[in-house]
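Input: a single structure, listed below in C-alpha cells.
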Amino acid sequence: MELAKLSRKGQLSIPKRLLKALGVEGEAYFLVELAPEGGLLLRPAGVYPLEVYTEERLQELLAEDALTEEERARLAALAR
Numbered sequence: 001m002e003l004a005k006l007s008r009k010g011q012l013s014i015p016k017r018l019l020k021a022l023g024v025e026g027e028a029y030f031l032v033e034l035a036p037e038g039g040l041l042l043r044p045a046g047v048y049p050l051e052v053y054t055e056e057r058l059q060e061l062l063a064e065d066a067l068t069e070e071e072r073a074r075l076a077a078l079a080r
C-alpha cells in the first residue's frame, strides 16, 4: 500500500511505482468513480483527438483513395 497526497487545489499525487506498474508515463487521464465502500477507483483512460472533416476535405480524401486506371485493370485481370 502506498501513501498519496492531496494538494490544496484538490490534485492527487500518485506514487511513481504505481504509475510504472500501470504503464502510465507523462501526462495521462484517468476515469475516477466512487467505490461502493467509500473509496476512489482510478482507471487509466484513453483520450484521442477527434477530427471533423468538411465536405471539401472528405472529397480530397476520397480522391486520394481512388484507384488509378492501371490499378483497376490489374484488379479486373485478377478477378477473371
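Going letter by letter, the sequence shown gives residues 1 to 80 in the UniProt record's numbering.
Even for Gly, the Cβ is constructed at its ideal location relative to N, Cα and C.
Check, Outcome
"Same chain only: Cβ atoms within 8 Å of R17, ignoring 5 sequence neighbours per side", "E2"
"Proximity of V47 and L41 at Cβ, strictly below 9 Å", "no"
"Helix, strand or coil at L3 according to DSSP, with G and I counted as helix", "coil"
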